[in-house]
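Position in the sequence shown (from 1) plus 249 gives the number in the working numbering. Following: one structure in structure tokens, then a few remarks.
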Amino acid sequence: MYSVTHKRKIGIQVGCAAVERKEIGVQCSHSIGSYGRRNNETGFLTYDELLRNHLWTKDYTIEWLKKEKLLATNRICDICCSEMKLRECSDRSDGYVWECRRQIGRKRHRTEKSIREGSWFEQSNLSIEEVIKFTYWWSQGLEQWQIKQQLGLGSHTAVDWDMFCRELCEVTLFENREKLGGPGKVVQIDESKIGKRKYHRGHVVEGQWVFGGIEEESRKCFIVCVEDRTEGTLLKHVQEWIEPGTTIVSDCWKAYVNLDKYGYIHKTVNHSVEFVSPEGYDTNKQEGHWRQMKVNLPTHGRKKEHYSSYLAEFIWRYVNRGKDLFIVFLKDVARVYKLE
Ligand SMILES: [Zn+2]
250 MYSVTHKRKI
260 GIQVGCAAVE
270 RKEIGVQCSH
280 SIGSYGRRNN
290 ETGFLTYDEL
300 LRNHLWTKDY
310 TIEWLKKEKL
320 LATNRICDIC
330 CSEMKLRECS
340 DRSDGYVWEC
350 RRQIGRKRHR
360 TEKSIREGSW
370 FEQSNLSIEE
380 VIKFTYWWSQ
390 GLEQWQIKQQ
400 LGLGSHTAVD
410 WDMFCRELCE
420 VTLFENREKL
430 GGPGKVVQID
440 ESKIGKRKYH
450 RGHVVEGQWV
460 FGGIEEESRK
470 CFIVCVEDRT
480 EGTLLKHVQE
490 WIEPGTTIVS
500 DCWKAYVNLD
510 KYGYIHKTVN
520 HSVEFVSPEG
530 YDTNKQEGHW
540 RQMKVNLPTH
550 GRKKEHYSSY
560 LAEFIWRYVN
570 RGKDLFIVFL
580 KDVARVYKLE
């Protein structure tokens with residue numbers, strides 16, 4: 250289980266990144282009419298509604314975040330083990346602090362805990378409202394520089410929070426991971442290289458091999474960064490991600506020749522001569538997924554060690570397509586940062 254201690258420094262293999270602006274554009278275009286009607290029709294929380302309904306005052310914000318399990322609803326005092334009280338205070342930007350001033354015997358103690366302790370908001374210079382706004386724009390697919398501009402943030406802050414959001418996707422996908430396929434199901438697999446782009450005058454940036462699979466007839470998928478494309482490496486991931494008995498469709502890459510021996514039904518498409526095999530199998534869905542992924546990876550400034558989180562973001566947006574991503578994101582935050 251991932252708990253608070255893992256936050257913001259997790260390294261898992263599932264991962265990636267993308268901004269599906271087009272999709273969001275489509276969703277937004279459905280909405281018409283007044284605020285109220287719009288909200289009722291689509292169920293999507295608009296930025297206006299966020300400001301008016303949830304960020305109107307600090308009290309509103311904190312009550313809402315408690316309800317959504319993004320802030321703790323109670324805290325236990327480390328000294329006397331009884332429940333602490335939430336006290337209004339003016340010397341913290343949060344406006345509230347947990348406090349205990351009980352007397353044990355003759356001695357009165359006084360302890361305080363930040364309302365952010367153990368939460369998504371912990372250890373940040375941003376106000377809680379700013380974090381929420383960042384999270385909102387991030388989930389809507391705005392790019393880092395745009396959010397930075399919208400909220401007037403420093404560069405480092407924007408970079409950090411962009412990464413925290415991607416890492417949250419990474420943890421969420423890891424916790425919810427499920428094998429693909431099974432008897433009667435078809436999974437397409439393929440390898441691809443990302444990051445191999447020519448910048449100035451033919452300077453080639455070192456690429457990263459990724460290996461992925463996607464289930465036909467569903468949104469179940471995986472993408473992992475791999476060091477190479479050898480049989481040993483790819484087979485390990487096939488077994489980790491795909492149920493035995495699955496029909497696996499791949500190209501004719503030699504690493505796949507023994508899949509039949511490991512309990513899979515293996516079909517190939519020979520891409521040098523065909524897009525669809527004579528039996529009707531193809532890997533078009535996985536290839537489309539690669540195209541989407543590449544379009545959505547940031548073109549500069551990405552570091553190799555961050556690929557997995559970019560991949561995670563890409564998959565997170567893919568599997569949640571059509572949903573209100575802000576609401577999904579908050580639910581994922583609440584699940585990862587368990588406060589009780
Ligand atoms: Zn106490």
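The C-beta atom is built at its ideal place from N, Cα and C for all residues, glycine as well. Computed from a predicted model, the values in this text were never measured in an experiment.
Near ligand 1: residue i beta-carbon under 6 Å from a heavy atom
i	result
residue 351	yes
residue 328	yes
Cut-off 6 Å between Cβ atoms - residues of its own chain near residue i, not counting five sequence neighbours on either side
i	result
residue 439	532 and 535
residue 441	459 and 539
residue 433	none
residue 281	Model confidence at residue 281 stands at a pLDDT of 37, short of 50, so the residue's coordinates are unreliable; what they give is reported in the following sentence. Cβ neighbours of residue 281 beyond the five flanking positions: none.
Between the CA atoms of residue j and residue i - distance to the nearest angstrom
i	j	result
residue 397	residue 364	25 Å
residue 506	residue 572	39 Å
residue 580	residue 354	43 Å
residue 522	residue 426	35 Å
residue 560	residue 331	44 Å
residue 604	residue 464	In the structure as shown, the chain begins at 250 and stops at 589. Residue 604 is therefore absent and cannot be evaluated.
residue 305	residue 387	20 Å
residue 313	residue 412	25 Å
residue 497	residue 576	35 Å
residue 325	residue 466	48 Å
residue 375	residue 361	20 Å
Outcome for residue i when other beta-carbon atoms lying within 10 angstroms are tallied against a minimum of 16
i	result
residue 393	buried
residue 501	exposed
residue 586	buried
residue 582	buried
residue 358	exposed
residue 421	buried
residue 419	buried
residue 566	buried
Close-in-space but distant-in-sequence residues of the same chain around residue i (CB under 7 Å, 5 per side omitted)
i	result
residue 299	385
residue 317	579 and 583
residue 400	379, 382 and 383
residue 543	443
Cutoff 8 Å; reference residue i; Cβ partners in own chain excluding five residues on either side
i	result
residue 513	487, 491, 493, 494, 495, 496 and 497
Residue i Cβ short of 6 Å to ligand 2 heavy atom set
i	result
residue 466	Looking at this structure, you won't find ligand 2 anywhere; what it does contain is ligand 1.
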